[in-house]
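**Q** Numbering-wise, the sequence shown is residues 1 to 706 according to my numbering. C-beta: ideal position from N, C-alpha, C; glycine also.
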Amino acid sequence: MIRKATLLAALSAALLAPLVAAAPSPAAAKQGAAAAVTGRQSVSLSISSITPDVPKSVTDQIKFSGTVRNDTGTPLSNVYIRLRYDAQPFTDRVTMAAYQADQNQATLPRNVSSKSSMIIPSVPAGSSVRWEFIATPPQLGYRTFGVYPVAVEVAPNNAISLFTQRTYLTYAPPTVPKRPVNKLAVALPVIDQPHRATDDTFVDDKLSQALTGKGRLADLANLAQSAPSSVTWVMEPSLLEDLQKMSAGKYTVQVKDDKQVKPASAEAGQWLTNMRTALASAPVVATPYADPDVAALAHQGLDSQTRRAIDLGGQTARSLISRNAKTNVYWPAAGVLDADALDLLSVSKVDRVLLNSTNLPPQTPATATPDAASTLDSVNGPVTALTADAELSRLFEPQAGTSTLLSTQRFIAETAMISAEPGQILPRSLVIAPSRRWDPNPTLVAALLKAANRLPWLRLTPLESIKPSKASVPRAGLTYTEQDRKEELSGKYLEPVKNAWSEAQLTALITGRTESSFDAAVLRLTSSGWRNGTRAGRSVTKTVGEAVSARTNEILITGSGPDRPRTLAGSNGVVPISVKNSLSTPIALYIDVKSNNPELLQVTYRQDEPLKIGGKQIGTVRVPMNAAPDVSGDATVTVQLKTSDGRPYGKPQRLTIRTTGYTGIALVIVGAALTVMLAAVVLRVLRRRSERKLARAAKSRESETV
């Protein structure tokens with residue numbers, strides 16, 4: 001390696017000598033300036049390798065290599081490549097960030113040596129040429145542990161720099177005493193927005209595309225197979241259920257006003273199998289089912305949905321992905337929540353939340369990276385708050401113009417700087433959490449995880465092992481802005497969701513179940529995934545609401561309506577009222593009947609026991625009624641089905657009761673008839689007595705004659 005470095009330096013010096021001996025002519029300088037103007041955006045330079053990425057010894061040979069590409073359309077000659085460096089390390093992470101963001105040539109590292117400069121005689125149009133530098137830490141001026149600025153620039157004809165690539169180099173010689181080893185937890189999300197309306201109907205077929213090639217889900221599965229077992233995976237259960245539905249058999253996709261039947265997806269089944277295998281020994285956290293917008297639910301009075309989503313999410317994740325999936329950790333939308341949401345979560349057995357750093361800032365401005373763990377007070381006791389490091393988390397997502405190598409060098413530098421911050425004696429905890437619906441680059445994330453797993457100042461650990469400690473700093477409390485509130489699902493959006501939920505729960509009550517068969521469908525309507533797609537969310541809400549109403553209407557009162565009157569003969573009697581159960585399951589409900597015309601009709605019905613009706617059967621109750629005397633005509637009663645706790649089921653129905661009004665007249669008629677009948681009987685008795693007397697008299701006369 002030393003011989004190679006010497007030869008390279010000699011080559012660079014030989015190429016550089018003629019240009020140093022004879023300064024470029026004014027014409028050449030003008031030509032170079034012109035090339036700079038035309039080629040500034042068309043000459044690019046990349047750093048493809050820095051080895052070792054963390055030099056640890058004064059004798060380490062550090063090799064920088066890469067390519068310069070010419071897309072100006074014309075050949076470039078005498079192209080200067082320079083490795084710039086400084087012997088002074090960064091003092092803090094803020095300075096590092098400023099260095100990366102600054103594009104001013106004056107802020108580039110100042111040092112350039114003969115061993116860090118070379119000339120490429122020609123770079124043809126449309127082609128790339130490799131470059132390489134080799135140096136030891138002492139040659140770069142490195143003496144102590146630290147993060148140092150490095151940059152590589154390209155300048156045709158020694159004119160102004162056309163392109164510069166900035167990066168970092170961390171030098172880590174053995175130190176005494178040893179620096180603290182910080183715990184690092186990485187939470188990787190597998191979260192999507194819902195793809196089904198009712199349990200049987202998909203609203204799109206986007207998951208099919210995500211499962212193949214470089215699709216998002218395919219990338220996540222590839223990443224899971226290579227990630228260390230200490231990485232924590234945050235799984236959204238309704239996504240897993242969507243994939244299970246796709247793999248189980250044919251599934252239906254709603255396409256505008258039409259429905260398409262799709263064949264079973266082998267890719268969906270294989271994805272689930274691959275993830276189950278890859279995560280067999282990894283910690284898995286299940287989000288509440290469908291990743292509901294808990295802050296919005298708390299603010300709009302839908303408290304019960306959160307607990308149900310947590311329970312259903314745990315059941316689904318444990319059955320489809322990991323038997324050990326936990327539900328005590330919550331990662332809110334955008335990583336922010338307020339005290340109302342925290343209280344709602346705490347009573348739902350959540351004792352740990354993963355937050356954005358802006359949601360829980362330090363109590364006083366931090367001069368060093370604060371420990372990730374702290375404690376929040378809730379209505380149900382203390383809750384552990386884990387705050388993700390914003391910069392480290394950002395590195396896990398692809399950024400334009402940043403290669404895997406440069407991201408890895410930045411990650412190494414950031415974590416090394418945290419370890420080297422002044423006054424940090426106790427080990428601290430760090431948490432990485434990329435955006436919840438990220439589209440990962442598996443190569444990038446795998447490289448970062450590999451680096452984290454071997455850096456001497458880091459120890460990868462599961463998320464659940466991060467707890468408040470002596471290194472924790474006081475936090476200012478939850479910061480929830482007006483803009484955060486505006487980002488929530490609105491009350492207007494959630495109102496029909498609330499109605500669908502309530503109606504679905506009624507059907508569950510009369511069938512004797514503790515949960516509705518529509519729980520999952522309605523929970524999908526509360527997903528935070530609809531925050532940026534409320535129009536689509538409303539369409540799905542309408543579909544689910546119609547399905548819930550159709551189910552409710554399968555239980556109805558028969559023979560209702562003004563054109564189907566029922567007759568009550570006399571002043572009192574009973575009127576049968578029938579309820580049809582079109583469900584396949586038995587039901588039990590109460591029937592409340594009230595007269596709308598109490599001056600004409602009184603209802604004296606009281607139901608002590610629920611009416612039980614078998615599946616696909618009709619049940620009937622006989623309702624006693626009293627009509628006002630001597631009055632005839634139509635009266636109405638309102639019939640309302642009710643659940644066991646007295647809540648109305650379905651809409652009230654009006655029945656018309658026709659009263660005959662015959663009661664008073666009938667008494668007169670009957671009385672007169674009895675009088676006539678009695679008179680007839682008396683006359684008949686008197687007639688018979690008279691006839692008997694006449695017969696006896698005649699017989700007496702006959703005997704006297706004889």
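Counting only the same chain and skipping the five closest in sequence on each side, list residues whose C-beta sits under 6 Å from that of residue 147.
**A** Excluding sequence neighbours, residue 147 sits near 89, 90, 168, 170, 413, 416, 417.
**Q** Assuming residue 641 and residue 566 are in contact, meaning their beta carbons sit under 8 Å apart, how far apart are those beta carbons, in whole angstroms?
**A** Residue 641 to residue 566, Cβ: 18 Å. No contact.
**Q** Hey, quick one: how far does the alpha helix (DSSP H) through residue 515 stretch, first residue to last?
**A** Where residue 515 is concerned, there is no enclosing alpha helix (DSSP H), given that its DSSP letter is neither H nor E.
**Q** Leaving out five residues on either side along the sequence, give the residues of the same chain with a beta carbon under 6 Å from the beta carbon of residue 180.
**A** So the qualifying residues of the chain are 427.
**Q** Can you find the residues in the same chain that come closer than 8 Å, C-beta to C-beta, to residue 287, ignoring five residues on each side of it along the sequence?
**A** 191, 234, 235, 236, 237, 313, 330, 331
**Q** Among 467, 45, 122, whose alpha-carbon lies nearest the alpha-carbon of residue 373?
**A** Closest option to residue 373, Cα to Cα, is 467.
**Q** Is residue 716 helix, strand or coil by DSSP?
**A** Because the chain in this structure spans residues 1 to 706, residue 716 falls outside the shown range and cannot be described.
**Q** Pull up the DSSP beta-bridge partners for residue 182, would you.
**A** 458
**Q** What is the DSSP secondary structure of residue 411, reduced to helix, strand or coil?
**A** helix
**Q** Who pairs with residue 142 in a beta bridge, going by DSSP?
**A** DSSP output for residue 142 lists no bridge partner at all.
**Q** Do the CB positions of residue 517 and residue 554 come within less than 8 Å of each other?
**A** no
**Q** Using a Cβ-Cβ cut-off of 6 Å (strictly less than) and excluding sequence neighbours within five positions of residue 628, which residues of its own chain qualify?
**A** 600
**Q** Roughly how far, in whole angstroms, is the beta-carbon of residue 509 from the beta-carbon of residue 402, given that I think they are within contact range, below 8 Å?
**A** Contact between residue 509 and residue 402 fails: their C-beta atoms lie close to 56 Å from each other, not under 8 Å.
**Q** I'd like the list of long-range same chain contacts for residue 41, defined as Cβ closer than 8 Å, with 5 residues on each side in sequence excluded.
**A** Caution is warranted here: a pLDDT of 48 is assigned to residue 41, below 50, making its placement in the model unreliable, and the coordinate value is therefore given only provisionally. Within the same chain, residue 41 has no close Cβ partners at all.
**Q** Taking the alpha-carbon of residue 463 as reference, which of 535, 73, 653, 352 has the nearest alpha-carbon?
**A** Nearest C-alpha to residue 463: 352.
**Q** From residue 393 to residue 652, what does the alpha carbon distance come to, in whole angstroms?
**A** 56 Å
**Q** Where does residue 473 fall in DSSP's three states?
**A** In the structure shown, residue 473 adopts coil according to DSSP, grouped into three states.
**Q** Mind the definition here: the segment 272-280 touches the segment 216-225 only if three or more C-beta pairs lie below 8 Å; say whether that holds.
**A** yes
**Q** Bridge partners of residue 590, per DSSP?
**A** Beta-bridge pairing links residue 590 to 642.
**Q** Which ranges does the alpha helix (DSSP H) cover as unbroken runs of at least 4 residues, wholly within the segment 156-234, from first to last along the chain?
**A** 206-210, 216-226
**Q** Have a look at 409, 630, 610 and flag the residue whose alpha-carbon is nearest the alpha-carbon of residue 96.
**A** 409
**Q** Helix, strand or coil: how does DSSP classify residue 725 here?
**A** Residue 725 falls outside the range modelled here, since the chain spans only 1 to 706, and no answer is possible.
**Q** By how many angstroms is the C-alpha of residue 481 removed from the C-alpha of residue 216?
**A** 32 Å
**Q** What distance in whole Å lies between the Cβ atoms of residue 432 and residue 172, which are believed to be in contact at a cut-off of 8 Å?
**A** In this structure residue 172 does not touch residue 432 by the C-beta definition: roughly 21 Å separates them, more than the 8 Å allowed.
**Q** Considering only DSSP beta bridges, list what residue 635 is partnered with.
**A** Among the bridge pairs identified by DSSP, residue 635 is matched with 657.
**Q** Does at least one heavy atom of the ligand COA sit under 7 Å from the Cβ of residue 530?
**A** Ligands in the displayed structure: none, and consequently the ligand COA is not present.
**Q** Inspect the beta-carbon positions of residue 145 and residue 175 and report whether they are closer than 8 Å.
**A** Yes.
**Q** Of all the options 382, 547, 646, which has the alpha carbon lying nearest to the alpha carbon of residue 588?
**A** Nearest of 382, 547, 646 to residue 588, Cα basis: 646.
**Q** Does the Cβ-Cβ distance between residue 194 and residue 535 come in under 8 Å?
**A** no
**Q** What would DSSP say about residue 130, mapped onto helix, strand or coil?
**A** strand
**Q** Assess, as a yes-or-no matter, whether the segment 255-274 is touched by the segment 298-310 under the definition of 3 or more beta carbon pairs within less than 8 Å.
**A** no
**Q** Near residue 135, which residues of its chain fall below 7 Å by C-beta distance, leaving aside the five closest residues on each side in sequence?
**A** Hits under 7 Å: 62, 115, 116.
**Q** Mind pulling the beta strand (DSSP E) runs of 3 or more residues that sit fully within the segment 525-563?
**A** If we require 3 residues or more, the beta strand (DSSP E) runs fully inside the segment 525-563 come out as 555-557.
**Q** Determine whether the beta carbon atoms of residue 70 and residue 86 lie at a separation below 8 Å.
**A** No, the Cβ-Cβ distance between residue 70 and residue 86 is not below 8 Å.
**Q** Alpha carbon to alpha carbon, how far is residue 595 from residue 505? Give it in angstroms, no decimals.
**A** 28 Å
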